[in-house]
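Reviewing the structure listed below.
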Amino acid sequence: MISDADIHLYTASTMNGWKPTIYLEEAGVPYDLTYIDFSKKEQKSDWYMKLNPNGRIPTIVDRSNNDFVVFESGAILWYLAEKYGKFLSSHPNERSETLQWVMFQMGGIGPMMGQAMYFQRIAAKQGHEDPFAIKRYVEETRRLLEVLNTRLEGRDYLVGNAFSIADITTYPWARAYYWAKVNVDGLPHLRSWFDRIDKRAPTQRALEIPKPFWAAFGKGDVEAQERENAERFKSDVKTD
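For the sequence shown, the working numbering assigns the number 210 to the initial residue and increments by one for each residue that follows.
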């Protein structure tokens, strides 16, 4: 059966992979989804690389726009927000603030937390433990979360006190502090923000698409999912 949904999403259950899913679920936009199986390295397959030359997820194809392809999670959120007119203010200054916080996540929180996760949850589990790298990335992640905590003082959300793509892009990463083994004690405004978004049913539904990975948030059988995750990326760990 041919779908009439405009958006075809290619993704997996990762912090970046959840971003467009959260948007589409929150916006109530119909979409088709193709799960990209990392264990089969589908993200590096010829057909997928034609869509996303970087061989990463997520990617969308907008059928209503001549099959226009968008990759990079932040760019996808901006595209969807402009297309559907949701979760992005029409006020120029607030739009700029939103872009600033999206870039803050893309350039800071994501890369730093990603490395903290990699060195502790993958490399160390493969016998390649690097205390210097772990300390570096954990401490920098904590600093970035402190920046978020300061920003959120007296605010419900990151920009204009309205849920926006700034929150969508940041939440799945910051909320996964457990997986990065970063302490969030003493960050009450950040925790309140977590609690607020934890109660948003569409966002929580999105975190189970294409399949749950609740270990990232310290839930479920963490040890089993950690072993599975480490094994999946075994070939990526550099050994002497």
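Beta carbons are placed, not taken as given, at the ideal position from N, Cα and C, and that holds for glycine.
The three-state reading of DSSP puts A371 in strand, counting E and B together. Residue state for I318 is assigned as helix, using DSSP reduced to three classes. Put simply, the backbone Cα of D241 is about 43 angstroms away from that of F341. Annotation: the continuous alpha helix (DSSP H) that includes L233 extends over M224 to A236.
A straight-line Cα-Cα distance of about 42 angstroms links N358 and S212. The continuous stretches of alpha helix (DSSP H) do not include Y240, which lies in the beta strand (DSSP E) extending over residues Y240 to Y244. Per DSSP, reduced to three states, the secondary structure at V356 is helical. The DSSP-derived three-state label of D276 is coil. Non-local C-beta neighbours of K390 in its own chain, meaning closer than 6 angstroms and more than five positions away in sequence, comprise Q329, ordered along the chain. As computed with DSSP, H217 is found in a beta bridge with D241 and V270.
Taking 7 angstroms as the cut-off, the beta carbon of M322 is found no closer than this to the beta carbon of E349. In chain order, S282 place their CB closer than 6 angstroms to the CB of N225, counting only its own chain and leaving out the 5 sequence neighbours on each side. Look at the beta carbons and you see the segment 221-235 touching the segment 265-273: at least three pairs across the two are nearer than 8 angstroms.
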